[in-house]
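If you're matching positions, the sequence shown starts at 14 in the working numbering and goes up one per residue.
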Amino acid sequence: MKNPILSENHNLSSILKENNFQELQNMIVRYVYKETSSIENTDIESLLQSNEKLKQFFYEVVNLKKQMDDCQTRHKPSNNVIEKILSYSKN
Numbered sequence: 014m015k016n017p018i019l020s021e022n023h024n025l026s027s028i029l030k031e032n033n034f035q036e037l038q039n040m041i042v043r044y045v046y047k048e049t050s051s052i053e054n055t056d057i058e059s060l061l062q063s064n065e066k067l068k069q070f071f072y073e074v075v076n077l078k079k080q081m082d083d084c085q086t087r088h089k090p091s092n093n094v095i096e097k098i099l100s101y102s103k104n
């Protein structure tokens with residue numbers, strides 16, 4: 014699937030020229046979640062080296078992702094709770 018943000022009419026340089034920071038942020042979120050192509054990765058990595066504001070946003074997203082991942086691993090219900098829920102749902 015072609016990324017609409019980096020289509021022929023809307024490439025990274027045009028986004029930068031338009032100062033469309035929200036689209037760049039969306040790209041960075043996709044990058045953190047490994048949803049970008051290798052070409053996009055190269056562009057994003059280059060951009061992160063040259064743009065301090067985006068680099069700061071990147072670190073915030075990485076930190077938030079880590080916190081969310083930690084919550085998922087720490088707050089799993091016990092087998093007993095799962096069994097009670099399954100038992101209740103059968104009734």
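Note that CB positions come from ideal geometry on N, CA and C, so glycine has one too.
Residue i versus residue j - alpha carbon distance
{"i": "residue 99", "j": "residue 71", "result": "40 Å"}
{"i": "residue 36", "j": "residue 43", "result": "11 Å"}
{"i": "residue 63", "j": "residue 56", "result": "11 Å"}
{"i": "residue 91", "j": "residue 59", "result": "44 Å"}
{"i": "residue 96", "j": "residue 51", "result": "43 Å"}
{"i": "residue 93", "j": "residue 82", "result": "23 Å"}
{"i": "residue 34", "j": "residue 101", "result": "48 Å"}
Cut-off 8 Å between Cβ atoms - residues of its own chain near residue i, not counting five sequence neighbours on either side
{"i": "residue 45", "result": "71, 74, 75 and 78"}
{"i": "residue 54", "result": "44"}
Close-in-space but distant-in-sequence residues of the same chain around residue i (CB under 6 Å, 5 per side omitted)
{"i": "residue 20", "result": "Because residue 20 carries a pLDDT of 45, less than 50, the predicted location of this residue cannot be relied on, and the following value inherits that uncertainty. No residues qualify anywhere along the chain."}
{"i": "residue 49", "result": "43"}
Minimum Cβ-Cβ distance from residue i to chain C less than 8 Å
{"i": "residue 35", "result": "Note that chain C does not occur in the displayed structure, where there is just one protein chain."}
Cutoff 7 Å; reference residue i; Cβ partners in own chain excluding five residues on either side
{"i": "residue 41", "result": "57, 67, 70, 71 and 74"}
task = Would you list, in sequence order, the uninterrupted alpha helix (DSSP H) runs of no fewer than 4 residues that lie entirely inside the segment 62-98?
result = Here the runs fully enclosed are 65-87.
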